[in-house]
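When you line the sequence shown up against the numbering used here, it's residues 51 to 507, in that order. No residue lacks a Cβ here, since even glycine has one placed at the ideal position from N, Cα and C. Here the structure is a predicted model, which is why all the values come from computation and not from measurement. Read through the structure below, which is laid out as structure tokens, and then see the notes.
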Amino acid sequence: MKKEIPYKIYLEEQEMPKQWYNVRADMKKKPARILNPETLKPITLEELSGIFCEELARQELDDTTAYFDIPDEIRNFYRMYRPSPLTRAYCLEEKLGTPAHIYYKFEGNNTSGSHKLNSAIAQAYYAKKQGLKGVTTETGAGQWGTALSMACAYLDLDCQVYMVKCSYEQKPFRREVMRTYGARVTPSPSMDTEVGRKINAEFPGTSGSLGCAISEAVEAAVSQEGYRYVLGSVLTQVLLHQSIIGLETKTALDKYGIKADTIIGCAGGGSNLGGLISPFVGQMLKGEADYEIIAVEPASCPSLTRGVYAYDFCDTGKVCPLAKMYTLGSSFIPSASHSGGLRYHGMSSVVSELYDQGLVTARSVEQTEVFKAAQMFAKVEGILPAPESSHAIKVAIDEALKCKETGESRNIVFGLTGTGYFDMVAYQKFNDGQMSDYIPTDEELAKSFAKLPKVEL
Ligand SMILES: *Cc1c(COP(=O)(O)O)cnc(C)c1O
Numbered sequence: 051m052k053k054e055i056p057y058k059i060y061l062e063e064q065e066m067p068k069q070w071y072n073v074r075a076d077m078k079k080k081p082a083r084i085l086n087p088e089t090l091k092p093i094t095l096e097e098l099s100g101i102f103c104e105e106l107a108r109q110e111l112d113d114t115t116a117y118f119d120i121p122d123e124i125r126n127f128y129r130m131y132r133p134s135p136l137t138r139a140y141c142l143e144e145k146l147g148t149p150a151h152i153y154y155k156f157e158g159n160n161t162s163g164s165h166k167l168n169s170a171i172a173q174a175y176y177a178k179k180q181g182l183k184g185v186t187t188e189t190g191a192g193q194w195g196t197a198l199s200m201a202c203a204y205l206d207l208d209c210q211v212y213m214v215k216c217s218y219e220q221k222p223f224r225r226e227v228m229r230t231y232g233a234r235v236t237p238s239p240s241m242d243t244e245v246g247r248k249i250n251a252e253f254p255g256t257s258g259s260l261g262c263a264i265s266e267a268v269e270a271a272v273s274q275e276g277y278r279y280v281l282g283s284v285l286t287q288v289l290l291h292q293s294i295i296g297l298e299t300k301t302a303l304d305k306y307g308i309k310a311d312t313i314i315g316c317a318g319g320g321s322n323l324g325g326l327i328s329p330f331v332g333q334m335l336k337g338e339a340d341y342e343i344i345a346v347e348p349a350s351c352p353s354l355t356r357g358v359y360a361y362d363f364c365d366t367g368k369v370c371p372l373a374k375m376y377t378l379g380s381s382f383i384p385s386a387s388h389s390g391g392l393r394y395h396g397m398s399s400v401v402s403e404l405y406d407q408g409l410v411t412a413r414s415v416e417q418t419e420v421f422k423a424a425q426m427f428a429k430v431e432g433i434l435p436a437p438e439s440s441h442a443i444k445v446a447i448d449e450a451l452k453c454k455e456t457g458e459s460r461n462i463v464f465g466l467t468g469t470g471y472f473d474m475v476a477y478q479k480f481n482d483g484q485m486s487d488y489i490p491t492d493e494e495l496a497k498s499f500a501k502l503p504k505v506e507l
């Protein structure tokens, strides 16, 4: 078989993007403004700068500047693990017997094991530049906390991580990687913060959620001098930093004259998906090209497919700004049977607005099916994928099998966001046949929707 397209499409170092792309600049209807949780009015730069460092607050609110220069210091850090390869999944295609061409952009080539490092280094850099002592954050499955610990260690910043309790217990190795990089890791909800104590009293024995951990981390940031809060997903600034994934993907595809037909990403808070699709959606918005874009979410936490598009709190403790997004309600706590990642109740305001405009479609998948896809992928492509990433693998396989039926050859591109080495408890459950798929009932969701804030603008 003649293979004109290599297994791995590598970019040269100098082909790595020099700017991030802000897709909001090209959206005619912009994502809704975030609101101050106390006044329920659009938040000002000054107010936001109390929570985030100044440059990040500015990026968060800027929906008109299309390109932001990536500072040299950040590019130098990126050089340690970027550009990341775009791989043609020849082996998977052969296994499936599909005429489709499958490509994946692999972001697991760094110690944190995921794309999160792309934003962690940016956020730590701007905090350091502002002269701060440290940052606080939450982590769910642990990848964000690990990425931030690495970035903070590199820049000599203090790093305090509130880790969702079930992950803290299920993933001791992630916790220890963070501590090795010098971070302080606290299981959430903890008894250290007012909001943590309140949540513990209200839901005794809770295994925690990202929403709780966020509230704790924000409280810790605003109550310590010289600290700010950072967040690894959901925010528009994070999507901006993650646009490097999509920009590199597009450069690699263009190099070989490949036009993507379908672009697939897993969606927790929407950052890898948003970053991957940004330049492609930019083309769609300008009428230059058309793509089918699929966001894949877990059936146990289905914010796009079953949520409502409304203003909601980003955290359980209601201390963060409100965002208009597809949400299951900030009081929704996903079942503990769902393994790690993609547990967030809402979705990035950018992805939400693109979904509402019909530029992005969404699908939900059950975790047993996801792990079957993960296993198949690992066997033929050699990479043990993260469970989160495997949501995208599952739908890429489904789409490739559809092509087998119709005989159509499509170019399918998906984001392989990370590796699953620290997810062996979940893989063990799968291997033992003990994985369950808990899908919330309409009644449960209705209860959570009823608690959505009433916002009139
Ligand atoms: C955090 C994470 C995700 C989900 O987060 P998004 O913000 O939706 O991208 C997906 N895959 C991996 C490996 C992650 O670490």
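Problem set entry | Check whether Ala-349 and Ile-120 have beta carbons under 8 Å apart | The count along the sequence shown starts at 1 and reaches residue 349 at position 299. The count along the sequence shown starts at 1 and reaches residue 120 at position 70. No. Outside cutoff.
Problem set entry | Assigned secondary structure, Leu-146 (DSSP; H/G/I helix, E/B strand, else coil) | The residue you call residue 146 lines up with position 96 of the sequence shown. Helix at Leu-146.
Exercise. Using the C-alpha atoms, what's the distance from Leu-335 back to Met-77?
Worked result: Within the sequence shown, residue 77 is the residue found at index 27, counting from 1. Within the sequence shown, residue 335 is the residue found at index 285, counting from 1. Their backbone Cα atoms lie some 7 Å apart in a straight line.
For this session: May I ask whether a heavy atom of ligand 2 can be found less than 7 Å away from the beta carbon of Thr-467?
Result: By its list of ligands, the structure shown excludes ligand 2, since it contains just ligand 1.
Exercise. If you run the structure through DSSP and keep just helix, strand and coil, what is Ile-84?
Worked result: For this step, residue 84 is matched to residue 34 along the sequence shown. Residue state, collapsed to three classes: coil.
Problem set entry | Inter-residue Cα distance where the pair is Gly-332 and Glu-144 | Looking up residue 332 in the sequence shown gives position 282. Looking up residue 144 in the sequence shown gives position 94. Each residue's alpha carbon lies about 33 Å from the other.
For this session: Report buried or exposed for Lys-444, applying the criterion of at least 16 other Cβ atoms within 10 angstroms of its Cβ.
Result: Stepping through the sequence shown from its first residue, residue 444 is reached at position 394. With 16 or more Cβ atoms within 10 Å of its Cβ, Lys-444 is classed as buried.
Exercise. Just the Cα atoms here: how many angstroms apart are Leu-142 and Val-420?
Worked result: Reading the sequence shown from its first residue, position 92 is the one you call residue 142. Reading the sequence shown from its first residue, position 370 is the one you call residue 420. Distance between the alpha carbons of Leu-142 and Val-420 is about 16 Å.
For this session: Express the C-alpha separation of Cys-262 and Asp-365 in angstroms, rounding to a whole number.
Result: Looking up residue 365 in the sequence shown gives position 315. Looking up residue 262 in the sequence shown gives position 212. For Asp-365 and Cys-262, the distance between alpha carbons rounds to 6 Å.
For this session: Compare the C-alpha of Tyr-279 against each of Gly-100, Gln-287, Arg-132 and Asp-311 and name the closest.
Result: Walking along the sequence shown from the start, residue 279 turns up at place 229. Among Gly-100, Gln-287, Arg-132 and Asp-311, the Cα nearest to that of Tyr-279 belongs to Gly-100.
For this session: Decide if Ala-500 is buried, meaning its Cβ has at least 16 other Cβ atoms within 10 Å, or exposed.
Result: As a position in the sequence shown, residue 500 is number 450, starting the count at 1. When all chains shown are included, Ala-500 counts as exposed.
Exercise. Grouping DSSP H, G and I as helix and E and B as strand, with all else coil, what is Val-185?
Worked result: Residue 185 sits at position 135 when you count from the first residue of the sequence shown. Correct three-state label for Val-185: strand.
Exercise. Ordered along the chain, which non-local residues of its own chain (more than five positions away) have a Cβ less than 6 Å from that of Val-227?
Worked result: Start at 1 with the first residue of the sequence shown, and residue 227 comes out as number 177. Closer than 6 Å at Cβ, skipping near neighbours: Thr-196.
Problem set entry | Helix, strand or coil at Thr-491 according to DSSP, with G and I counted as helix | On the sequence shown, position 441 is the one that residue 491 refers to. Here Thr-491 sits in coil by DSSP.
Exercise. What is the C-beta distance between Pro-239 and Gly-258, in whole angstroms, given that I count them as a contact (C-beta under 8 Å)?
Worked result: Indexing the sequence shown from 1 puts residue 239 at position 189. Indexing the sequence shown from 1 puts residue 258 at position 208. Contact holds; Cβ gap of about 6 Å.
Exercise. Is there contact between the segment 350–365 and the segment 303–315, where contact requires at least three CB pairs shorter than 8 Å?
Worked result: no
Exercise. Helix, strand or coil for Glu-416 per DSSP?
Worked result: Within the sequence shown, numbered from 1, the residue matching residue 416 stands at position 366. Correct three-state label for Glu-416: coil.
Problem set entry | Assigned exposure category for Pro-435 - 16 Cβ within 10 Å defines buried | Locating residue 435 in the sequence shown gives position 385, where the first residue counts as 1. Answer is buried; the Cβ neighbour count reaches 16.
Problem set entry | Same chain only: Cβ atoms within 8 Å of Val-505, ignoring 5 sequence neighbours per side | If you number the sequence shown from 1, residue 505 lands on position 455. Excluding positions up to five away in sequence, the list reads Leu-85, Leu-90, Ala-360, Tyr-361 and Leu-372.
For this session: State yes or no: is the C-beta of Glu-438 nearer than 7 Å to some heavy atom of ligand 1?
Result: What you label residue 438 is simply residue 388 of the sequence shown in a count that begins at 1. Indeed, a heavy atom of ligand 1 lies less than 7 Å from the Cβ.
For this session: Verify whether the separation of the beta carbon atoms of Leu-466 and Gly-147 is less than 8 Å.
Result: Here residue 466 refers to the residue found at position 416 of the sequence shown. Here residue 147 refers to the residue found at position 97 of the sequence shown. Taking 8 Å as the Cβ cut-off, Leu-466 and Gly-147 do not qualify as a contacting pair.
Exercise. How many Å lie between Trp-339 and Ser-380 at the Cα?
Worked result: Translated into positions along the sequence shown, residue 339 becomes position 289. Translated into positions along the sequence shown, residue 380 becomes position 330. Here residue 339 is Ala; the residue named in the question, Trp, does not match the sequence. Taking the straight line joining both Cα atoms gives about 36 Å.
Problem set entry | Limits of the alpha helix (DSSP H) - the one that Leu-354 falls within | Within the sequence shown, numbered from 1, the residue matching residue 354 stands at position 304. Residues 353–356.
For this session: Could you pull out every residue in the same chain whose Cβ sits closer than 7 Å to the Cβ of Ala-116, ignoring the five residues on either side in sequence?
Result: Numbered from 1 along the sequence shown, position 66 holds the residue referred to as residue 116. So the list reads Tyr-71, Asn-72, Ala-75 and Asp-76, once near-sequence residues are dropped.
Problem set entry | Option nearest His-151 by Cα separation, candidates Ile-447, Asp-487 and Gly-470 | Stepping through the sequence shown from its first residue, residue 151 is reached at position 101. It is Ile-447.
For this session: Give me the Cβ distance between Ala-450 and Ile-462, rounded to the nearest whole Å; I'm assuming they're in contact under 8 Å.
Result: Reading the sequence shown from its first residue, position 400 is the one you call residue 450. Reading the sequence shown from its first residue, position 412 is the one you call residue 462. Contact holds; Cβ gap of about 6 Å.
Exercise. What's the C-alpha gap between Ser-459 and Tyr-140?
Worked result: Taking the sequence shown and counting its residues from 1, one reaches residue 459 at position 409. Taking the sequence shown and counting its residues from 1, one reaches residue 140 at position 90. The alpha-carbon atoms of Ser-459 and Tyr-140 are separated by roughly 14 Å.
For this session: Please confirm whether any heavy atom of ligand 1 lies closer than 7 Å to the CB of Asn-168.
Result: Position 118 of the sequence shown, counted from the first residue, corresponds to residue 168. Not so, every heavy atom of ligand 1 lies at least 7 Å from the Cβ.
Exercise. How many angstroms separate the CA atom of Ala-271 from the CA atom of Ala-177?
Worked result: Sequence index remark: in the sequence shown, residue 271 carries index 221 (1-based). Sequence index remark: in the sequence shown, residue 177 carries index 127 (1-based). Approximately 12 Å between the Cα atoms of the pair.
For this session: Could you spell out where the beta strand (DSSP E) holding Gln-292 opens and where it closes?
Result: Walking along the sequence shown from the start, residue 292 turns up at place 242. Run containing Gln-292: none in the beta strand (DSSP E); it sits in the alpha helix (DSSP H), 286–305.
Problem set entry | Sequence-distant residues of the same chain with beta carbon closer than 8 Å to Tyr-405, five excluded per side | Taking the first residue of the sequence shown as 1, we reach residue 405 at position 355. Only Ala-345, Leu-354, Tyr-376, Met-397, Thr-411 and Ala-412 meet the Cβ criterion.
Exercise. What do you reckon, is the C-beta of Trp-70 under 7 Å from a heavy atom of ligand 1?
Worked result: For this step, residue 70 is matched to residue 20 along the sequence shown. Checking every heavy atom of ligand 1 against the Cβ of Trp-70, none is found closer than 7 Å.
Exercise. Beta-carbon separation of Cys-316 and Ala-442 under 8 Å?
Worked result: Stepping through the sequence shown from its first residue, residue 316 is reached at position 266. Stepping through the sequence shown from its first residue, residue 442 is reached at position 392. In this structure, Ala-442 lies closer than 8 Å to Cys-316 by Cβ.
Exercise. Smallest Cα separation from Arg-229: which of Gly-192, Gly-246, Gly-181 and Gly-325?
Worked result: Position 179 of the sequence shown, counting from 1, holds the residue named residue 229. Of Gly-192, Gly-246, Gly-181 and Gly-325, the residue nearest in Cα terms is Gly-192.
For this session: State the DSSP-derived secondary structure class of Phe-472, mapped to helix, strand or coil.
Result: Here residue 472 refers to the residue found at position 422 of the sequence shown. If DSSP states are grouped into helix, strand and coil, Phe-472 belongs with coil.
For this session: Taking only the alpha-carbon atoms, compute the straight-line gap between Val-211 and Gly-457 and give it to the nearest angstrom.
Result: Residue 211 sits at position 161 when you count from the first residue of the sequence shown. Residue 457 sits at position 407 when you count from the first residue of the sequence shown. Each residue's alpha carbon lies about 49 Å from the other.
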